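First up is the structure itself, then whatever we jot down about it.
Numbering (full-length UniProt numbering), first residue to last: 1 to 575.
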């Protein structure tokens, strides 16, 4: 009965952890896109306010779209076309003023794009570089402390960062650089606490410890779907907040949500480490032979366990109390670098003649390239949509676009993917290629069709790109041995953080240069790289299918040989 209660409590705790993960990803989405909009807003206001009305360029900061400039442009055009020869001087003067305004508008727009791109790049650096070291440090702690302690730290870091973001709003500071400096400090502290990477790492570990092997794949797939659902809800709430409230209320909502997560983790989450230690000690007290000796055996074994534990505590008490906290921290940092060494061995321990490992290296390299493209495109998309004269998206409209994109990704993973796995036997690489093709179609629409309706349709068309990450992880788990699965996924987390940095640098540099001749060039370049990735996966698909056929044939040969040997042994025994 006690075991049943513990298992039932474990199931409830896993569901609570997934709920906490959903709320955290929701707040993460709000902060991620809200801070991008905030940085762009501050740069835009700082550059335009001394000379012209910020609402002409900073459309995203105005709740109601300002068409005054374009109405004035239409009025000028009407006057020019209907003018007579008698007032030709007045007409030329209007035309000259209009040209000067257009030149000033374009020059300010380019300056805003350049400077905000660099600030967004700096924000990404300060957010992700500390997170790499922090996740390595947390990785060495996961086997010693409960996961919810590690999950608490990013929530506390998010609250501290939001307080700094609020201070940058309420204090009478210069927009550049004082206000943005507070934002960057908050991003650095948030990165030091581990941000969403630490939470994902802890949730993965908790689910693996508190679920059976048969249900583990389902639970991890559910967690990935919850990830996209949280991002979609966060983007939707961001749009609603920007429509009815302001960025200040957004930050207050994030603080309250993180306090709610902390409360649930402290009072409702089950400590799986205690359960594991309890199970480890149970077999010692259950080894008995007869009913008459049960009590004696149990008492004797328990006494031995207690005496041994007291002896261990006595021997460990003195060095533990004398050990300085700095030594403990250094010890865990050394273990973090040992994790890097294990990742290196995981990549290069095999000989180059091992085809499976060559395919794994190619797959990891391709995933890194795709993650670089994805992270860079996320930064540039808002800058592009908010600056094109035929679009000029508000922050509210951009939030709704992200909501639509992530919502359909959630539908693909939670509803369509299980149906495909159950009724259709489609190879992982086929699904990845399909996701890449839809991603290319989405980028083509954004680059070539400057129409709001079509861009929203492109988010639906490109939603199967969610299959790329899921099926890539599935491929990796099939190419590595069981004792290397945790190492491979930890290495993937590090690759993801590095890709976020590289993608931001790469896309920001190219986008700033392409603004002078063709702003959509960055999306066409993204399409070109995705075509290369498709070609790699087509080649990899052919090789993996051939490899799997050979493996199956070898297994059949081994099984047939073992069966024949068993038959021969049976015949010999009968003879």
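The beta carbon of each residue, even a glycine, is placed where N, CA and C say it ideally should be. Computed from a predicted model, the values in this text were never measured in an experiment.
Simplified DSSP assignment, three categories, for residue i
{"i": "residue 230", "result": "helix"}
{"i": "residue 505", "result": "helix"}
{"i": "residue 243", "result": "helix"}
{"i": "residue 268", "result": "coil"}
{"i": "residue 547", "result": "helix"}
{"i": "residue 187", "result": "helix"}
{"i": "residue 449", "result": "coil"}
{"i": "residue 253", "result": "helix"}
{"i": "residue 444", "result": "helix"}
{"i": "residue 515", "result": "coil"}
{"i": "residue 480", "result": "coil"}
{"i": "residue 20", "result": "helix"}
{"i": "residue 34", "result": "helix"}
{"i": "residue 462", "result": "coil"}
{"i": "residue 315", "result": "Caution is warranted here: a pLDDT of 41 is assigned to residue 315, below 50, making its placement in the model unreliable, and the coordinate value is therefore given only provisionally. Residue 315: helix per DSSP, three-state reduction."}
{"i": "residue 359", "result": "helix"}
{"i": "residue 14", "result": "helix"}
{"i": "residue 45", "result": "helix"}
{"i": "residue 520", "result": "coil"}
{"i": "residue 171", "result": "coil"}
{"i": "residue 555", "result": "helix"}
{"i": "residue 210", "result": "coil"}
{"i": "residue 535", "result": "helix"}
{"i": "residue 194", "result": "coil"}
{"i": "residue 69", "result": "Caution applies to residue 69, whose pLDDT of 45 falls short of 50 and renders its modelled position unreliable; the model cannot decide the point."}
Exposure label - residue i; buried when at least 16 CB within 10 Å
{"i": "residue 154", "result": "buried"}
{"i": "residue 404", "result": "buried"}
{"i": "residue 396", "result": "buried"}
{"i": "residue 516", "result": "exposed"}
{"i": "residue 530", "result": "buried"}
{"i": "residue 526", "result": "buried"}
{"i": "residue 557", "result": "exposed"}
{"i": "residue 174", "result": "exposed"}
{"i": "residue 144", "result": "exposed"}
{"i": "residue 172", "result": "exposed"}
{"i": "residue 518", "result": "exposed"}
{"i": "residue 549", "result": "exposed"}
{"i": "residue 544", "result": "buried"}
{"i": "residue 562", "result": "exposed"}
{"i": "residue 42", "result": "buried"}
{"i": "residue 442", "result": "buried"}
{"i": "residue 139", "result": "buried"}
{"i": "residue 192", "result": "buried"}
{"i": "residue 418", "result": "exposed"}
Proximity of residue i and residue j at Cβ, strictly below 8 Å
{"i": "residue 445", "j": "residue 455", "result": "yes"}
{"i": "residue 151", "j": "residue 265", "result": "yes"}
{"i": "residue 381", "j": "residue 118", "result": "no"}
{"i": "residue 228", "j": "residue 24", "result": "no"}
{"i": "residue 495", "j": "residue 378", "result": "no"}
{"i": "residue 582", "j": "residue 536", "result": "This structure does not reach residue 582, given that the chain is present from 1 up to 575, and the question cannot be answered."}
{"i": "residue 479", "j": "residue 356", "result": "yes"}
{"i": "residue 16", "j": "residue 269", "result": "yes"}
{"i": "residue 120", "j": "residue 39", "result": "yes"}
{"i": "residue 203", "j": "residue 21", "result": "yes"}
{"i": "residue 176", "j": "residue 108", "result": "no"}
{"i": "residue 374", "j": "residue 503", "result": "yes"}
{"i": "residue 578", "j": "residue 436", "result": "Residue 578 cannot be examined here, being either before or after the span of the chain that is shown, 1 to 575."}
{"i": "residue 162", "j": "residue 254", "result": "yes"}
{"i": "residue 497", "j": "residue 132", "result": "yes"}
{"i": "residue 472", "j": "residue 432", "result": "yes"}
{"i": "residue 116", "j": "residue 383", "result": "yes"}
{"i": "residue 243", "j": "residue 512", "result": "no"}
Residue i CB to nearest heavy atom of the ligand PLP below 7 Å
{"i": "residue 455", "result": "As far as ligands go, the structure on display features none, and thus does not contain the ligand PLP."}
Looking at C-beta atoms only, is the number of pairs between the segment 458-474 and the segment 406-415 that lie closer than 8 Å three or more?
-> yes
Tell me the start and end of each unbroken alpha helix (DSSP H) in the segment 105-162 that is at least 4 residues and wholly inside, in chain order.
-> none
Kindly provide the ranges of any alpha helix (DSSP H) runs that are 4 or more residues long and lie completely inside the segment 370-438, ordered along the chain.
-> 395-411 and 417-423
Evaluate contact between the segment 221-236 and the segment 19-36, counting only Cβ atoms and requiring at least three cross-stretch pairs below 8 Å.
-> yes
Count the C-beta pairs between the segment 185-204 and the segment 120-128 that are closer than 8 Å, then say yes if the count reaches three, no if not.
-> yes
Does the segment 191-201 come close enough to the segment 381-392 to have 3 or more Cβ pairs within less than 8 Å?
-> no
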